[in-house]
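A.B. asks:
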Amino acid sequence: MSKFQVDENGYYGQFGGAYIPELLYPNVKELEDNYLKIIESDAFQKEYLYLLKQYVGRPTPLYLAPNLSEKYGAHIYLKREDLNHTGAHKVNNTIGQILIAKKLGKKRIIAETGAGQHGVATATVCALMNLECIVFMGEVDIKRQSPNVARMKMLGATVVAATSGSKTLKDATNEAIRDWIQHPEETYYLIGSVVGPHPYPDMVARLQAIISEEIKWQLKEQTGKENPDAIIACVGGGSNAAGAFYHYLDDEEVKLIAVEAAGLGVDTGESAATSQLGQVGVIHGSKTILMQDEYGQITEPYSISAGLDYPGVGPIHANLFESGRGTFLNATDDEALQAAFELTELEGIIPALESSHALAILGKLDLKKDDVIVVNLSGRGDKDMETYINYLEARNK
Amino acid sequence: MSKLNTLFQEKTNRLCSVYFTSGYPELNDTATIVKSLEKAGVDFLEVGFPYSDPMADGPTIQESSAVALKNGINLDLIFNQLESIKEEVNIPLVGMGYLNQMLRYGDEKFCQKCQSVGIETLILPDMPMIEYKTIYKDMFAKYGLTNVFLITPQTTEERILKIDEMTNAFIYVVASSSITGAKGTISEEQIAYFDRIKSYKLKSTLIAGFGISSKDTFDTVCEHVNGAIIGSAFVKYVGENGVANIEKFVKDIID
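So the protein lines, in turn, are chains W and S.
If you're matching positions, the first sequence starts at 4 in my numbering and goes up one per residue.
If you're matching positions, the second sequence starts at 1285 in my numbering and goes up one per residue.
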């Protein structure tokens, strides 16, 4: 039994569990009783892997980025999750969960979204499976990620604006949970990250684990060894990081580097670097590390990246942080923007703002020329073009 | 015996509870609200601890919580407000908040404070039953506190019986809005649900909370369970009208 995997009670060390109102208990219990049975069944595996291959386009390439490698003096591989259908790793999870929802006989799918990538990935699989789809999205995020809002609408989803709190991912999640409470029987809540009550963090991690499963054989194929020296991934809730780390959790010679969004800077009061600013608490149904004041009121995070703009972190990551298994670094808005332009200029790849945070720490690592580093390029930058163009124009002034 | 259990021994029907959001509509309204509600003949009170992310609450209580927090309310102020009227108030108090507030405040210190200001029961809707059993039941008991669990139309009989077993105050019977009738009425499904729970012959007092907004709904619900909680309707009233005429508002519903 891995000490970094979920235990039989739904905990990662002291983190995780299911801190939910009674109103959600039957739904969560139904999922808990069934998710492993479903995921491990031959029928599920067959359909999941078929869709990942023929619909999503997996396996995604593991690309040795020559110019980036030269610049940073190490072998830097990019795991190209940006090349997935819908433009990010999120679809690995939505394909899996929609099959589970169907198996449970659910008719109505709800989801929260930050950057809109999970919303698009959910709307996509709902279109594919002909299920009703409602996506909750913070009002602020609706404005800053408008291309994804348009995609969700074209895919037939109803996008509901969350107008409470900071009007971002946390608030969208609150609204999704409230909707679920109101529609307990026919509705399936398709959570997009390794957050929420058990079994969600474990379920989402398992569905994203395909990322590290592929990295292992791809790296072996290309270098003769399946273990890199380090894997770098950005962390908001932490689903792409969970997927990229999953099969390496117990290979302790592989350094796992999680990069949080520092916003304007960790100590500016405008940040989303949860591990640096948070304490143990309960958010969205699980015990984890979260940003809060002395009375346990959850504080509003800030990041330029809607996908990382979250005051908590998945319990799997809270445990990696606390145990020291994970190395938690962070990058500011500005560093992420620079990294996005750097990757674009050097490799001809426009990354998502979220993934740019992971890229942004390459310059802060003490790399040696034989080091093999994998950066999980979790998404592409189409949705962030407005932010990028504004930055470019401001820079050129 | 707790004040609440003494009350439940003396009175078994038309028990009325009112929920209020501390620090709302104004920061220092708590004393007026508590005293007026006691005077109006309310049987026990739910003191709401405003929370930034109240996931089990509807829009009215969410909004009032946000305003209260903006007004500057926090747990220490609430405890101080209750402490200052402790001698004048005799009505049983139930504290209602979220687990994270207690965790961050320090669970034991939180319990101690509750006891010292006269709170003897807590509703923490995101408290897992297993965690209560293994950790908090004993800690609460040490400070004369007990926890209230919620049940909904989806809660199984087996689980209801477990909850009844663990209950030392009352069971909060939530009629989830998926079966709530037209606004301001109690549906046939809700009545069937109340009667189904009654048929289990539970030892605990049953208090319904959800959609009790008028004399009609209060009367109907009280025909089926031991009493009812007026929550959002009260919060909405004080939000619109302030705290001057609370007594009349409540009397119009419960008399």
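Heads up, the beta-carbon is just placed ideally off N, CA and C, and yes, glycines get one too.
Remember, predicted model here, so these are calculated numbers, not experimental data.
#1: Run through the DSSP bridge pairs and tell me what N30(W) is partnered with.
#2: Please report whether the beta-carbon of Y25(W) lies at a distance below 8 Å from any beta-carbon of chain S.
#3: Which chain W residues sit within Cβ distance under 9 Å of Q1365(S)?
#4: Below 6 Å CB to CB, which residues in the same chain sit around L1490(S) once its five sequence neighbours on both sides are set aside?
#5: With respect to the beta strand (DSSP E) encompassing A114(W), which residues constitute its N-terminal and C-terminal limits?
#6: May I ask you to report which of helix, strand or coil DSSP gives I1369(S)?
#7: With respect to the alpha helix (DSSP H) encompassing G246(W), which residues constitute its N-terminal and C-terminal limits?
#8: Would you tell me roughly how many angstroms separate the C-alpha atoms of Y1389(S) and G327(W), rounded to the nearest one?
#9: Would you report the Cα separation of V1519(S) and T1305(S), rounded to the nearest angstrom?
#10: I need the straight-line Cα distance from Y1521(S) to D182(W), nearest angstrom please.
#11: Is Y15(W) close to chain S? Criterion is C-beta to C-beta, closer than 8 Å.
#12: Report the three-state DSSP secondary structure of A164(W) (helix, strand or coil).
#13: Hey, is the region 376-389 of chain W in contact with the region 148-167 of chain W, meaning 3+ C-beta pairs nearer than 8 Å?
#14: For T335(W), which residues of its own chain have a beta-carbon under 7 Å away from its beta-carbon, when the five flanking residues on both sides are left out?
#15: Closer than 8 Å by beta-carbon distance: list the chain S residues that pair up with A21(W), in chain order.
#16: Please state whether the Cβ-Cβ distance between N96(W) and G195(W) is less than 8 Å.
#17: Answer with buried or exposed for T1290(S), where buried requires no fewer than 16 other C-beta atoms within 10 angstroms of its C-beta.
#18: How about S1306(S): is its C-beta nearer than 8 Å to some C-beta of chain W?
#19: So which residues of chain S does Y298(W) contact, with C-beta pairs closer than 7 Å?
#20: Distance check for F344(W) and I79(W), CA to CA, integer angstroms please.
#21: Relative to the alpha-carbon of I352(W), which residue among A212(W), E84(W), P62(W) and G240(W) has its alpha-carbon at the smallest distance?
#22: On the three-pair Cβ rule with 8 Å, is the region 1290-1301 of chain S touching the region 1337-1348 of chain S?
#23: What are the uninterrupted segments assigned as beta strand (DSSP E) that are 3 or more residues long and contained completely in the region 1431-1476 of chain S, given in chain order?
#24: Would you mind working out which of T1439(S), D1327(S), D1500(S) and L1434(S) sits nearest P1376(S), comparing C-alpha positions?
#25: Select from E1372(S), Y1416(S) and K1417(S) the residue whose C-alpha is nearest the C-alpha of V1401(S).
#26: Please decide whether L1434(S) counts as near chain W, where near means a Cβ-Cβ distance under 8 Å.
#27: Report yes if the CB atom of S1497(S) is closer than 8 Å to the CB atom of A1517(S), and no otherwise.
#28: If you draw a straight line from the C-alpha of I1463(S) to the C-alpha of F1433(S), how long is it?
#29: Ignoring anything shorter than 3 residues, give me the beta strand (DSSP E) runs that lie fully in the region 48-108 of chain W, in order along the chain.
#30: Here's a check: name, in chain order, each residue in its chain whose Cβ is nearer than 6 Å to the Cβ of C129(W), leaving out the five neighbours to either side.
#31: Which stretch, first to last residue, makes up the beta strand (DSSP E) that contains T1316(S)?
#32: Helix, strand or coil for Y403(W) per DSSP?
#33: Check the DSSP bridge columns for I376(W) and list the partner residues they point to.
#34: Does D1337(S) pass the burial test, meaning 16 or more other C-beta atoms within 10 Å, or should it be called exposed?
#35: Locate the alpha helix (DSSP H) running through Q185(W), then write down its first and last residues.
#36: Using beta carbons (cut-off 8 Å, strictly below), is L1558(S) in contact with chain W?
C.D. replies: Result, derived from the coordinates:
#1: DSSP, once it has assigned bridges, lists no residue as partnering N30(W).
#2: Reading off the sequence shown, one finds Glu at residue 25(W), where the question assumed Tyr. Closer than 8 Å: yes.
#3: Result: empty, since nearest Cβ-Cβ is about 15 Å, beyond 9 Å.
#4: Answer for L1490(S): I1455, V1457, V1509 and N1510, listed in chain order.
#5: Looking at the DSSP string, the run of the beta strand (DSSP E) that includes A114(W) is R111 to T116.
#6: coil
#7: S242 to F248
#8: The straight-line gap separating the alpha-carbon atoms of Y1389(S) and G327(W) is approximately 26 Å.
#9: 7 Å
#10: Y1521(S) and D182(W): Cα-Cα distance of roughly 25 Å.
#11: no
#12: strand
#13: yes
#14: A265, G266, L267 and G268
#15: P1412
#16: yes
#17: By the neighbour-count rule (16 or more Cβ atoms within 10 Å), T1290(S) is not buried but exposed.
#18: no
#19: Within chain S, the residues near Y298(W) are N1358, L1359, Q1385, R1388 and Y1389.
#20: Spanning the two alpha carbons is a distance of roughly 17 Å.
#21: Ranking A212(W), E84(W), P62(W) and G240(W) by Cα distance to I352(W) puts E84(W) first.
#22: no
#23: 1454-1457
#24: D1327(S)
#25: When only C-alpha atoms are compared, the closest one is E1372(S).
#26: yes
#27: yes
#28: Its pLDDT being 46, under 50, I1463(S) is placed unreliably in this model, and the coordinates cannot settle the point.
#29: 65-67 and 78-83
#30: I112 and C136
#31: T1316(S) -> not in any beta strand (DSSP E); alpha helix (DSSP H) instead, spanning T1314 to K1323.
#32: Outside the displayed span of chain W (4 to 400) sits residue 403(W), for which this structure offers no information.
#33: I376(W) is bridged to I79(W) and A233(W).
#34: buried
#35: L172 to Q185
#36: As displayed, chain S neither begins before 1285 nor continues past 1539, which places residue 1558(S) out of reach and without an answer.
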